[in-house]
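Report on the structure given below.
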Amino acid sequence: MGSERYPVHQNGIYRNLPNFDPSITGLTAIVTGANGISGFHMLRALLESPERWTKVYALSRRPPPKEMLALLSDSQRSRVQHIAVDFLGDAENIAQELMQAKVTADYIFFYSYVQPTPAPGAPVWSNAEELVNVNTKLLDNFLRATVLASIIPKRFLLQTGAKHYGVQIGRLRTPAVESDPYLSHLEPNFYYPQEKSLFEYCKTNQTSWNVIRPAWVLGATTNAQMNALLPVAMYAAVQAHKDEPIAFPSDWETWQYEGYHSTALLTGFLSEWAVLEDKTKNQALNAQDTCPVSWDRLYEHLTRWFGVEKGVTPPKADLSKYTESIGKAGKDTPIG
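Per numbering that gives the first Met the number 0, the sequence shown starts with residue 0, numbered consecutively.
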């Protein structure tokens, strides 16, 4: 299936995308968490190739909202079958839902995620132990259900992310490398037990896996709490309405720091390539757009996109104007 034998192609703003052997046709796929940023755009990536992917099963607790389905053509919508399923339920019940829908899957893409509500005033990822418990259960239940339903894919892809390397804890070695060791000694991280469950599943069922680790994910969905761009976009829209400038709430170093992001659709194209390539079997792959952007540059674009006529108020030079947040340091950080 080596894509290197075929010319690259362009899809919208995305260039140098791989082409595949045209004999690869009639594939079926399961996409879980299909209403989320990554799951929905994985769905879109697969639907771009109607001869290659003839059926995609979208698994989520609720059907995709009509606003999201409107981004798909009639032909694309006809190849999607939604199945309402709760992965926190019993594996037997999940398997029954899959069998009743006559689901088959050459490939599985897993994006399901639950964010437990943190304590009042606590950061979003502060309840690390609860995150581990609920999200490990999501994957374990689904893995067991596929066995009960006799749905063993050729490749099972799990998306995790940059928290694998401890970006939420403190400074880390750069660049992050896929072979970097687990940081279990710093705090619980559900990515690690999820990977171990996947590896054991693939070994037992004689199939293969991929793990994709994107940076901050950007993408358009109606359920976008994890979209890093959404809050600043809303802020810019409000400031434009009030005829006031947009101000940056941190210092000059942060203002001009180059940040890395992962567009959900481009990560979807990467994920498709990963599962179809034999040489990527049983590999983890980092994913980013390779176009770093600073807050300085982003705010400039926000003023244009949302019509903020008063422009941008840059950071204050006086650091005493800011509230300092002290994070972990030394041996308690990924860099050790």
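All residues carry an ideal CB built from backbone N, CA and C; glycine is no exception. Given the structure is predicted, the values throughout are model-derived calculations rather than measurements.
**Study point:** Classification of T266 by the beta-carbon crowding that lies within 10 angstroms, buried from 16 upward
**Key:** Along the sequence shown, read from residue 1 onward, the residue named residue 266 stands at position 267. It is buried - the Cβ of T266 has at least 16 other Cβ atoms within 10 Å.
**Study point:** Straight-line Cα distance separating E129 from P119
**Key:** Here residue 119 refers to the residue found at position 120 of the sequence shown. Here residue 129 refers to the residue found at position 130 of the sequence shown. Between P119 and E129, the C-alpha separation is close to 15 angstroms.
Practice item. Have a look at L339 and Q167 and give me their C-alpha separation to the nearest angstrom. Key: No answer is possible for residue 339: it lies beyond the span of the chain, which begins at 0 and ends at 335.
Check your understanding: Mind pulling the alpha helix (DSSP H) runs of 4 or more residues that sit fully within the stretch 32 to 100?
Key -> 36 to 46, 65 to 68, 73 to 77 and 90 to 99
**Study point:** Pick from F155, D89, K315 and S249 that is closest to E276, judged by C-alpha positions
**Key:** For the purposes of this step, residue 276 is taken as the residue at position 277 of the sequence shown. Of the listed residues, the one whose Cα sits closest to E276 is F155.
**Study point:** F19: first and last residue of the uninterrupted alpha helix (DSSP H) it sits in
**Key:** The sequence position of residue 19 within the sequence shown is 20, counting from 1. That residue, F19, is in no alpha helix (DSSP H); it is neither H nor E in DSSP.
Practice item. Could you tell me which of L157, E177 and F86 sits nearest to P192, measuring between CA atoms? Key: For the purposes of this step, residue 192 is taken as the residue at position 193 of the sequence shown. The option with the nearest alpha carbon to P192 is L157.
**Study point:** From W52, K101 and I82, residue whose alpha carbon lies closest to that of S74
**Key:** Translated into positions along the sequence shown, residue 74 becomes position 75. The candidate whose alpha carbon is nearest that of S74 is W52.
Review point. Quick one, which of G326, A33, C290 and E177 has its alpha-carbon nearest I12's?
Key: In the sequence shown, the residue the question calls residue 12 occupies position 13. Cα-wise, what sits closest to I12 is C290.
Check your understanding: Between which two residues does the alpha helix (DSSP H) carrying Y321 extend?
Key -> The residue given as residue 321 occupies position 322 in the sequence shown. Counting along the chain, Y321 falls outside any alpha helix (DSSP H), and DSSP gives it neither H nor E.
Point to revise | Proximity of V123 and P187 at Cβ, strictly below 7 angstroms | key: To locate residue 123, count along the sequence shown from 1; it is residue 124. To locate residue 187, count along the sequence shown from 1; it is residue 188. No.
Exercise for review: Could you pull the start and end residues of the alpha helix (DSSP H) that V237 belongs to?
Suggested key: For the purposes of this step, residue 237 is taken as the residue at position 238 of the sequence shown. Residues L229 to K241.
Review point. How would you write the range of the beta strand (DSSP E) that F108 sits in, first residue to last?
Key: On the sequence shown, residue 108 is found 109 positions in, with the first residue counted as 1. Taken as a continuous stretch (DSSP letters only), the beta strand (DSSP E) holding F108 covers Y106 to F109.
**Study point:** Runs of beta strand (DSSP E) lying entirely within the stretch 254 to 292, each at least 3 residues, in chain order
**Key:** 260 to 262 and 282 to 286
Exercise for review: Would you kindly work out how many angstroms separate the C-alpha atoms of E177 and D242, rounded to a whole number?
Suggested key: Reading the sequence shown from its first residue, position 178 is the one you call residue 177. Reading the sequence shown from its first residue, position 243 is the one you call residue 242. Computed Cα separation, rounded: 46 angstroms.
Review point. Is S149 helix, strand or coil by DSSP?
Key: Position 150 of the sequence shown, counting from 1, holds the residue named residue 149. Correct three-state label for S149: coil.
Review point. Does the distance from the C-beta atom of P248 to that of V311 stay below 7 angstroms?
Key: Position 249 of the sequence shown, counted from the first residue, corresponds to residue 248. Position 312 of the sequence shown, counted from the first residue, corresponds to residue 311. For P248 and V311, no; Cβs fall outside 7 angstroms.
Exercise for review: May I have the straight-line CA-CA distance separating D250 from L137, to the nearest angstrom?
Suggested key: Looking up residue 250 in the sequence shown gives position 251. Looking up residue 137 in the sequence shown gives position 138. Cα-Cα distance, rounded: 40 angstroms.
Check your understanding: Expressed to the nearest angstrom, what Euclidean distance is found between the alpha-carbon atoms of G338 and V237?
Key -> No information on residue 338 is available, as it lies outside the stretch 0 to 335 that the chain covers here.
Practice item. With S207 as the anchor, note down where its alpha helix (DSSP H) starts and where it stops. Key: What you label residue 207 is simply residue 208 of the sequence shown in a count that begins at 1. No alpha helix (DSSP H) contains S207, which is instead part of the beta strand (DSSP E) from S207 to P213.
**Study point:** Exposure of R172, with buried meaning 16 or more beta-carbon neighbours within 10 Å
**Key:** Along the sequence shown, one-based indexing puts residue 172 at 173. R172 is exposed by the Cβ-count criterion.
Review point. Do you know offhand how far T302's Cα is from V274's?
Key: For this step, residue 302 is matched to residue 303 along the sequence shown. For this step, residue 274 is matched to residue 275 along the sequence shown. Rounded to whole angstroms, T302 to V274 spans 40 angstroms at the Cα level.
Practice item. Under 8 angstroms by Cβ, that's how I've got K153 and T116 pegged, so tell me the actual separation to the nearest angstrom. Key: Position 154 of the sequence shown, counting from 1, holds the residue named residue 153. Position 117 of the sequence shown, counting from 1, holds the residue named residue 116. That belief does not hold up - the Cβ atoms of K153 and T116 are roughly 38 angstroms apart, past 8 angstroms.
Point to revise | Where the alpha helix (DSSP H) through R170 begins and ends | key: Taking the first residue of the sequence shown as position 1, residue 170 is located at position 171. Per DSSP, R170 belongs to no alpha helix (DSSP H) and is neither H nor E.
**Study point:** contact_flag[the stretch 72 to 92, the stretch 38 to 49] where n(CB pairs < 8 angstroms) is 3 or more
**Key:** yes
Practice item. Would you mind giving the Cβ-Cβ distance between N18 and S2, rounded to the nearest angstrom? I have them listed as a contact below 8 angstroms. Key: Taking the first residue of the sequence shown as position 1, residue 18 is located at position 19. Taking the first residue of the sequence shown as position 1, residue 2 is located at position 3. With a Cβ gap of about 6 angstroms, N18 and S2 count as contacting.
Check your understanding: What is the rounded straight-line gap between the Cα of Q259 and the Cα of A161?
Key -> Here residue 259 is taken as the residue at index 260 of the sequence shown, counted from 1. Here residue 161 is taken as the residue at index 162 of the sequence shown, counted from 1. According to the sequence as given, residue 259 is Tyr; it is not Gln. Approximately 10 angstroms, taken between the alpha carbons.
Review point. What three-state label does DSSP hand Q114 in the structure shown?
Key: On the sequence shown, residue 114 is found 115 positions in, with the first residue counted as 1. In the structure shown, Q114 sits in coil (DSSP, three-state: anything other than H, G, I, E or B).
Check your understanding: What residues in its chain sit with their C-beta under 6 angstroms from that of Q287, if we drop five residues either side in the sequence?
Key -> The residue given as residue 287 occupies position 288 in the sequence shown. Contacts found: A214, Y259 and S261.
**Study point:** Opening and closing residue of the beta strand (DSSP E) in which F198 lies
**Key:** Here residue 198 corresponds to residue number 199 of the sequence shown, with the count starting at 1. Here F198 belongs to no beta strand (DSSP E); instead the alpha helix (DSSP H) covers Y190 to T203.
Practice item. Classify M41 as buried or exposed, calling it buried when 16 or more other Cβ atoms lie within 10 Å of its own Cβ. Key: Taking the first residue of the sequence shown as 1, we reach residue 41 at position 42. Per the 10 Å Cβ criterion, buried.
**Study point:** Pairwise C-alpha distance: V210 and P174
**Key:** Residue mapping note: residue 174 aligns to position 175 of the sequence shown, counting from 1. Residue mapping note: residue 210 aligns to position 211 of the sequence shown, counting from 1. Rounded to whole angstroms, P174 to V210 spans 18 angstroms at the Cα level.
Exercise for review: Specify the secondary structure class of N222 as computed by DSSP and reduced to three states.
Suggested key: Reading the sequence shown from its first residue, position 223 is the one you call residue 222. Residue state, collapsed to three classes: coil.
Review point. From the beta carbon of Q238, is the nearest beta carbon of chain C less than 7 angstroms away?
Key: Although the question refers to chain C, the structure presented lacks it and comprises just one protein chain.
Check your understanding: Taking the alpha carbon of K101 as the point to measure from, which residue in A148, E271 and S111 has its own alpha carbon closest?
Key -> On the sequence shown, residue 101 is found 102 positions in, with the first residue counted as 1. Here the closest residue by C-alpha is A148.
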